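Engineer: Same order as they appear, the protein sequences are chains A and B. Just add 1113 to the spot in the first sequence (first one is 1) and you have our numbering. Just add 1113 to the spot in the second sequence (first one is 1) and you have our numbering. Backbone N, C-alpha and C fix where the C-beta goes; we use that ideal spot for every residue, glycine too. All of these numbers come straight from a predicted model, not from anything done at the bench.
2 protein chains.
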Amino acid sequence: MSKHTVAIIDDHLLFAQSLKGLINTFNEFEVTQHALNGKIFIDNLKNESKLPEIALMDLNMPIMDGLETTKFLNENYPSIKVLALSMDDNESSILKMIKNGAKGYLLKDIHPDILKEALLALINEGYYHSKRVSDTLVHSLHPTEEPKIKLLGRELEFLKLASTEMTYKEIADVMHLSPKTIDGYREQLFKKLQVKNRIGMVVYALKNDLA
Amino acid sequence: MSKHTVAIIDDHLLFAQSLKGLINTFNEFEVTQHALNGKIFIDNLKNESKLPEIALMDLNMPIMDGLETTKFLNENYPSIKVLALSMDDNESSILKMIKNGAKGYLLKDIHPDILKEALLALINEGYYHSKRVSDTLVHSLHPTEEPKIKLLGRELEFLKLASTEMTYKEIADVMHLSPKTIDGYREQLFKKLQVKNRIGMVVYALKNDLA
DNA sequence: ACTAAAAAGGGGAAAAATCCCCTTTTTAAG
DNA sequence: CTTAAAAAGGGGATTTTTCCCCTTTTTAGT
Chain A
1114 MSKHTVAIID DHLLFAQSLK GLINTFNEFE VTQHALNGKI FIDNLKNESK LPEIALMDLN
1174 MPIMDGLETT KFLNENYPSI KVLALSMDDN ESSILKMIKN GAKGYLLKDI HPDILKEALL
1234 ALINEGYYHS KRVSDTLVHS LHPTEEPKIK LLGRELEFLK LASTEMTYKE IADVMHLSPK
1294 TIDGYREQLF KKLQVKNRIG MVVYALKNDL A
Chain B
1114 MSKHTVAIID DHLLFAQSLK GLINTFNEFE VTQHALNGKI FIDNLKNESK LPEIALMDLN
1174 MPIMDGLETT KFLNENYPSI KVLALSMDDN ESSILKMIKN GAKGYLLKDI HPDILKEALL
1234 ALINEGYYHS KRVSDTLVHS LHPTEEPKIK LLGRELEFLK LASTEMTYKE IADVMHLSPK
1294 TIDGYREQLF KKLQVKNRIG MVVYALKNDL A
């Protein structure tokens, strides 16, 4: 049985080298490439006959960082599974990486066994997420302390419809109201939400998950 | 040491009763209330001197369902921790519950030990999420199999600005372009995204996290 | 060098949105 | 019953958006 292939993209030479050594002690994996940043890695891919199965991707790199690289890989080489490696468990960077196609997220201070576990999970399940990462994700979804704006009855209904491609006339129609009444709702909402136009209203609705 | 209080909101009498029996065997918890739907539960709260710490909330109920009830509780009785209970592990309903303030999500076919574990976690950690739920959450964030629309260079920049309250004239200004060029981008984008107007465009941008 | 696509720009008109000032009807609360 | 707030509706004008048909310049690939 041939080993699974792993590429390392990291500008910290010392860390990358030791990582390479570690992975090569695993029975199931071997490191086939090492690049100092995303640009170099991608350029190399064009000349490679076989792609690595997994890319161990550092986040902070010069020239082309982990996020950009992951986005590119996801669109152009979707078979490569990106496992993000980072110092920090910063919430938004984890979210961004996953949204852009990373299949897993690891922190650099983990135990070697966890790395192996993650690599195996990536091959077998297609993804890996540590408890710490899952918790972060869940936390980010919880509603934030809200300076919540109190929408009265039909305003919410109107807001939802205003977030579609319907014209106000059409909205008035489906709500069985006069266009002038709708016009009133609109003005009230502009004041309440402190927006200048329908676009602002829609952005508010979408961001607050009301639409 | 007094027991932690749990309210059950579920219209399945048989299930709710056995659940009540089960929980009352736990040393740490006791069921203090049972309501057949969210409306009844909320009405009861007004007359109660002490609120339950945890609400075991079924999702599908007549009159007022779990989602609505959770939303209401989160806004008006934030001290009550909602643990959602559901038959299905449907991705979007899990997401919705959590976004609306549920502190945990359980499936009804779980082992009794898990229920106890979840209740304890809710008290001690403030939340509980099973692996299955975490996985679902993570999965929902991954980019979907994309009928991805290829946006060329400045179209993306324009799209972002179009998702603000700026008029096209103002956008033209900050992009150092003629309003007529902007008009061109707009029409191209309408075709590409298959939308009828600026609202549709903004909704697309927001939902695809481009804005 | 040739060519196609992308980028930038325009005229002119109809439709929709926005604004400001104002009235009547319905509902909820004391 | 009275009063206030919310809901519904209107006139009329300005600004913005949308649409359709068209030209020139720049960029990139063979």
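Check for me: the alpha helix (DSSP H) holding Thr1182/A runs from which residue to which?
Structural biologist: Counted from its first residue, the first sequence places residue 1182/A at position 69. Taken as a continuous stretch (DSSP letters only), the alpha helix (DSSP H) holding Thr1182/A covers Gly1179 to Asn1189.
Engineer: Near Leu1149/B, what residues of its chain come up, given a Cβ to Cβ distance below 6 Å and the 5 sequence neighbours on each side ignored?
Structural biologist: What you label residue 1149/B is simply residue 36 of the second sequence in a count that begins at 1. These residues qualify, in order along the chain: Asp1124.
Engineer: Considering Ala1231/B, what are the terminal residues of the alpha helix (DSSP H) in which it resides?
Structural biologist: Taking the second sequence and counting its residues from 1, the one referred to as residue 1231/B is at position 118. First-last of the alpha helix (DSSP H) with Ala1231/B: Pro1225 to Asn1237.
Engineer: Assign Ser1115/A to one of three DSSP states: helix, strand, or coil.
Structural biologist: On the first sequence, residue 1115/A is found 2 positions in, with the first residue counted as 1. Ser1115/A: coil per DSSP, three-state reduction.
Engineer: Do you know how far the Cα of Ala1168/A is from the Cα of Leu1072/A?
Structural biologist: Outside the displayed range of chain A (1114 to 1324) lies residue 1072/A, so it cannot be described from this structure.
Engineer: What are the boundary residues of the alpha helix (DSSP H) that Met1314/B is part of?
Structural biologist: The residue labelled residue 1314/B in the question sits at position 201 within the second sequence. Taken as a continuous stretch (DSSP letters only), the alpha helix (DSSP H) holding Met1314/B covers Arg1311 to Lys1320.
Engineer: Can you check whether the C-beta of Glu1270/A is within less than 7 Å of a C-beta belonging to chain B?
Structural biologist: Taking the first residue of the first sequence as position 1, residue 1270/A is located at position 157. Taking Cβ atoms only, chain B never reaches closer than 7 Å to Glu1270/A, which makes this a no.
Engineer: What separation, rounded to the nearest whole angstrom, lies between the Cα atoms of Glu1259/A and Leu1269/B?
Structural biologist: As a first step, residue 1259/A is located in the first sequence; it is residue number 146 there, counting from the start. As a first step, residue 1269/B is located in the second sequence; it is residue number 156 there, counting from the start. Since pLDDT at Glu1259/A reaches only 47, below the 50 mark, its modelled position is unreliable, and the value read off the structure follows with that caveat. Those two C-alpha atoms are separated by around 31 Å.
Engineer: Of the residues that make up the stretch 1306-1317 of chain B, which ones have a beta carbon closer than 8 Å to any beta carbon in chain A?
Structural biologist: Here the close residues are Val1308, Lys1309, Asn1310, Arg1311, Ile1312, Gly1313, Val1315 and Val1316.
Engineer: I believe Gly1217/A touches Leu1235/A by the beta-carbon criterion, under 8 Å. Please report the beta-carbon distance rounded to the nearest angstrom.
Structural biologist: Here residue 1217/A corresponds to residue number 104 of the first sequence, with the count starting at 1. Here residue 1235/A corresponds to residue number 122 of the first sequence, with the count starting at 1. With a Cβ gap of about 6 Å, Gly1217/A and Leu1235/A count as contacting.
Engineer: Where does Asp1286/B sit, in a helix, a strand or coil, going by DSSP?
Structural biologist: Mapped onto the second sequence, residue 1286/B falls at position 173. Of the three classes helix, strand and coil, the one that applies to Asp1286/B here is helix, per DSSP.
Engineer: What first and last residue would you give for the alpha helix (DSSP H) that runs through Ile1155/A?
Structural biologist: As a first step, residue 1155/A is located in the first sequence; it is residue number 42 there, counting from the start. Gly1151 to Asn1160 is the span of the alpha helix (DSSP H), which, as asked, contains Ile1155/A.
Engineer: Is there a Cβ of chain A sitting closer than 7 Å to that of Glu1238/B, yes or no?
Structural biologist: To locate residue 1238/B, count along the second sequence from 1; it is residue 125. For Glu1238/B, the answer is no, since every Cβ of chain A falls outside 7 Å of its Cβ.
Engineer: Measure the C-alpha to C-alpha separation of Glu1141/B and Leu1158/B and round it to an integer number of angstroms.
Structural biologist: Residue 1141/B sits at position 28 when you count from the first residue of the second sequence. Residue 1158/B sits at position 45 when you count from the first residue of the second sequence. C-alpha separation (whole angstroms): 22 Å.
Engineer: Between Glu1278/A and chain B, is the shortest Cβ-Cβ distance under 7 Å, so that the two count as touching?
Structural biologist: If you number the first sequence from 1, residue 1278/A lands on position 165. Chain B contact via Cβ: present.
Engineer: Return no unless some Cβ of chain B is closer than 7 Å to the Cβ of Ser1205/A.
Structural biologist: Here the question's residue 1205/A lines up with position 92 in the first sequence. Chain B, which has no Cβ nearer than 7 Å to the Cβ of Ser1205/A, makes this no.
Engineer: Taking a contact to mean a Cβ-Cβ separation below 7 Å, would you say Ala1197/B touches Met1177/B in this structure?
Structural biologist: Residue mapping note: residue 1197/B aligns to position 84 of the second sequence, counting from 1. Residue mapping note: residue 1177/B aligns to position 64 of the second sequence, counting from 1. No, the pair does not count as a contact, with Cβ atoms beyond the cut-off.
Engineer: Residues of chain A with a CB under 7 Å from the CB of Leu1158/B: which are they?
Structural biologist: Residue numbering aside, residue 1158/B sits at position 45 when the second sequence is read from its first letter. Per Cβ cutoff of 7 Å: no residues; Leu1158/B is ~20 Å from chain A at best.
Engineer: Identify the residues that DSSP records as bridge partners of Gly1217/B: which are they?
Structural biologist: In the second sequence, residue 1217/B corresponds to position 104, counting from 1. DSSP output for Gly1217/B lists Leu1196/B and Tyr1241/B as bridge partner(s).
Engineer: Taking Cβ positions, are Leu1302/A and Met1288/A nearer each other than 7 Å?
Structural biologist: As a first step, residue 1302/A is located in the first sequence; it is residue number 189 there, counting from the start. As a first step, residue 1288/A is located in the first sequence; it is residue number 175 there, counting from the start. Against a cut-off of 7 Å, the Cβ pair of Met1288/A and Leu1302/A comes out as no contact.
Engineer: Against chain B, does Leu1220/A count as a neighbour if the rule is that its beta carbon must be under 7 Å from one of theirs?
Structural biologist: Reading the first sequence from its first residue, position 107 is the one you call residue 1220/A. No, because no Cβ of chain B sits closer than 7 Å to the Cβ of Leu1220/A.
Engineer: What is the residue span of the alpha helix (DSSP H) that Phe1139/B lies within?
Structural biologist: Along the second sequence, read from residue 1 onward, the residue named residue 1139/B stands at position 26. Element bounds for Phe1139/B: n/a, residue is neither H nor E.
Engineer: In chain order, what residues of the same chain have a beta carbon less than 6 Å from the beta carbon of Ile1295/B, not counting five sequence neighbours either side?
Structural biologist: Residue numbering aside, residue 1295/B sits at position 182 when the second sequence is read from its first letter. Cβ within range, chain order: Tyr1281, Ile1284 and Ala1285.
Engineer: What would DSSP say about Glu1143/A, mapped onto helix, strand or coil?
Structural biologist: Within the first sequence, the letter at position 30 stands for residue 1143/A. It is a strand residue.
Engineer: Using the C-alpha atoms, what's the distance from His1117/B back to Glu1238/B?
Structural biologist: In the second sequence, the residue the question calls residue 1238/B occupies position 125. In the second sequence, the residue the question calls residue 1117/B occupies position 4. Distance between the alpha carbons of Glu1238/B and His1117/B: 14 Å.
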